[in-house]
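> Following numbering that gives the first Met the number 0, the numbering of the sequence shown begins with 0 at its first residue and continues without gaps.
Where a beta carbon is used, it is the ideal one built from N, C-alpha and C, also for glycine.
Remember, it's a predicted structure, so these values are computed and weren't measured experimentally.
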Amino acid sequence: MSLTQVYLGLGSNIERETHLRAGLDALATFLVDIRCSAVFESAPVGIKSGPFFNFVVSAYTDLPLMELDRRLKFIEADNGRYAPDRKGLPLDIDVLLYGDLAGNFDGLVLPRAEILKNAFVLWPLSLIAPDRVHPGVGKSFATLWAEAQIDQVLAPVAFEWRGQQLTPSNL
0 MSLTQVYLGL GSNIERETHL RAGLDALATF LVDIRCSAVF ESAPVGIKSG
50 PFFNFVVSAY TDLPLMELDR RLKFIEADNG RYAPDRKGLP LDIDVLLYGD
100 LAGNFDGLVL PRAEILKNAF VLWPLSLIAP DRVHPGVGKS FATLWAEAQI
150 DQVLAPVAFE WRGQQLTPSN L
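(1) In chain order, which alpha helix (DSSP H) runs of at least 4 residues are fully inside the segment 28-109?
(2) Would you decide whether Val-5 is buried or exposed? Buried here means 16 or more other CB atoms lie within 10 Å of its CB.
(3) Which class does Pro-123 belong to by DSSP, given the choice of helix, strand or coil?
(4) Tell me the rounded alpha-carbon separation between Leu-153 and Thr-28.
(5) Note the first and the last residue of the continuous beta strand (DSSP E) segment covering Leu-7.
(6) Distance check for Trp-122 and Leu-165, CA to CA, integer angstroms please.
(7) Can you tell me whether Ala-145 is helix, strand or coil according to DSSP?
(8) Between the C-alpha atoms of Pro-50 and Leu-62, what's the straight-line distance to the nearest angstrom?
(9) Around the Cβ of Thr-17, are there at least 16 other Cβ atoms within 10 angstroms (buried) or fewer (exposed)?
(10) Output the boundary residues of the alpha helix (DSSP H) element that contains Leu-153.
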């Protein structure tokens with residue numbers, strides 16, 4: 000069984016802690032060696048809503064890309080993402096990187112463009128994988144974050160999952 004390293008972006012702006020913990024618990028049923036970045040609060044981008052909590056997860060999977068994406072959609076649905084009466088975004092889980100794949104895979108474009116556009120993706124990614132090189136740009140995520148000129152304000156927030164504090168106090 001060959002494992003592929005994946006990076007996922009998670010976000011929520013409704014019952015944020017509840018939905019993000021539920022998402023992590025669901026991911027833990029089929030991903031191994033889950034590591035989480037610090038959690039950040041940010042203003043919404045592209046929608047009118049309350050502030051989001053966002054972070055990045057690194058893990059390994061034996062699932063093919065499209066099966067992984069399908070399972071992520073099920074987790075989102077279980078948390079009310081597609082409910083007709085929802086107000087906001089209970090849970091969003093995006094594949095940011097899947098191994099070193101680059102390109103369009105049945106509409107799923109990797110690496111995900113939001114990595115370079117949104118501070119709430121790039122900063123956590125630079126913390127969890129500082130030396131990893133962006134497959135399309137050829138620079139490490141730490142370098143990309145240091146060079147980023149993204150006009151978004153992020154605030155680290157205390158967040159705990161399974162007894163582990165995800166956000167260090169020195170951020």
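Considering the structure as presented:
(1) Along the segment 28-109, the alpha helix (DSSP H) occurs as fully enclosed runs of 4 or more residues at 64-77, listed in sequence order.
(2) Residue mapping note: residue 5 aligns to position 6 of the sequence shown, counting from 1. Val-5 sits buried, since 16 or more C-beta atoms from the chains shown fall within 10 Å of its C-beta.
(3) Looking up residue 123 in the sequence shown gives position 124. In this structure, Pro-123 counts as helix in the three-state DSSP scheme.
(4) Here residue 153 corresponds to residue number 154 of the sequence shown, with the count starting at 1. Here residue 28 corresponds to residue number 29 of the sequence shown, with the count starting at 1. Cα to Cα, the separation comes out at about 30 Å.
(5) As a working note, residue 7 is residue 8 in the sequence shown. Note, Leu-7: beta strand (DSSP E), 3-11.
(6) Walking along the sequence shown from the start, residue 165 turns up at place 166. Walking along the sequence shown from the start, residue 122 turns up at place 123. Taking C-alpha positions only, Leu-165 is separated from Trp-122 by approximately 14 Å.
(7) Taking the first residue of the sequence shown as 1, we reach residue 145 at position 146. Helix.
(8) Here residue 50 refers to the residue found at position 51 when the sequence shown is read from its first residue. Here residue 62 refers to the residue found at position 63 when the sequence shown is read from its first residue. In this structure, the CA atom of Pro-50 is about 32 Å from the CA atom of Leu-62.
(9) Taking the sequence shown and counting its residues from 1, one reaches residue 17 at position 18. With fewer than 16 other Cβ atoms inside 10 Å of its own Cβ, Thr-17 counts as exposed.
(10) Taking the sequence shown and counting its residues from 1, one reaches residue 153 at position 154. Per DSSP, Leu-153 lies in no alpha helix (DSSP H) segment; the continuous beta strand (DSSP E) that holds it begins and ends at 153-156.
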